[in-house]
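Working notes, structure below.
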Amino acid sequence: MRSAFWNLFERIYVINLESRPDRRKEIDEQLRRVGLGLYQPPVELFRAVRPDGAGAFETIGARGCFLSHLGVIQDAIQNRLESFLILEDDVDFSDDFEQRSNALAEALRSVPWSLFYGGYRLDRKVVGSGCLRLNPDQGVETSHFVGLKGSKVARALLVYMQAQLGRPAGDPLGGPMHVDGTYSWFRRDNPELVTLLSVPEISHQRSSHSDIYERSGLDGFLHTTRLFRAARKLRNRLA
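Those letters in the sequence shown? Residues 1480 to 1718, by this note's numbering.
Encoded structure:
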């Protein structure tokens, strides 16, 4: 029987480059392990963007990943989805996914939330287990398992990402960057949004060659977060 966890999402997007049938095969195998299939609703294969150049981004891969996530969010808004999950094609589900996922589903139904991470690397350790709330200023590395809930949240994130595209790289307000950095900046700048994560993870990102997914933007987030905290402390002292 399929886990109740999947019923939390109206659509499950899988981002994959058309030129990577090997990745499609791998992610289909992973999905079948947990009662889903790459070509079966609510899963939707989303063609990843492969740009001709890096533009204002650090690398072509960073730009491609950013634009792919942006495209998913646009599609979700156009289809008026209230909840959706973004998976990258190099995700592996944990061995105990089925044992833990129903409890996670129950926890996610019991509280309001806007973002959910089923896999991640954090800039500092969290204490506890289960479905935990993440501080808005805690950076999250990787973007291979991200859930979003609420059409207003999706629209706000879309506007946020489009604004980043319109700024130069390194802009203090946030310019083009790795998409995991974008999610962290968005969370930090909108602290009222509730972000939850599974502890321990229910997914992992495979260590393999990728055409679009490269190192994260967490370093930049940590640097700007330190500046953000310093500015906030100064403002509070002057208030």
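Using N, Cα and C, we set each Cβ at its ideal position, and we do this for glycine too.
Secondary structure at K1604: coil, using DSSP grouped into helix, strand and coil. Annotated as proximal: R1666 and L1613, with beta-carbon spacing under 9 angstroms. Judged by DSSP in its simplified three-state form, Y1599 adopts coil rather than helix or strand. Unbroken alpha helix (DSSP H) stretches of 4 residues or longer found wholly inside the segment 1610-1660: 1630-1644, given in chain order.
Around L1517, the same chain offers V1493, R1503, I1506, D1507, L1510, L1524 as residues with beta carbons nearer than 8 angstroms, after the five sequence neighbours per side are excluded.
If you look at E1671, you'll find it isn't in any beta strand (DSSP E); DSSP assigns it neither H nor E.
In this structure, DSSP gives V1493 an extended state, which the three-state scheme calls strand. Less than 9 angstroms separates the beta-carbon of Q1684 from that of H1623.
The residues Q1509, R1512, V1513, I1681, S1682, in chain order, have a CB closer than 7 angstroms to that of F1572 in the same chain once the five nearest residues on each side in sequence are set aside.
Residue burial is scored here from C-beta neighbours: L1652 has fewer than 16 other C-beta atoms within 10 angstroms and is therefore classed as exposed. In the DSSP assignment, L1487 is bridged to no other residue.
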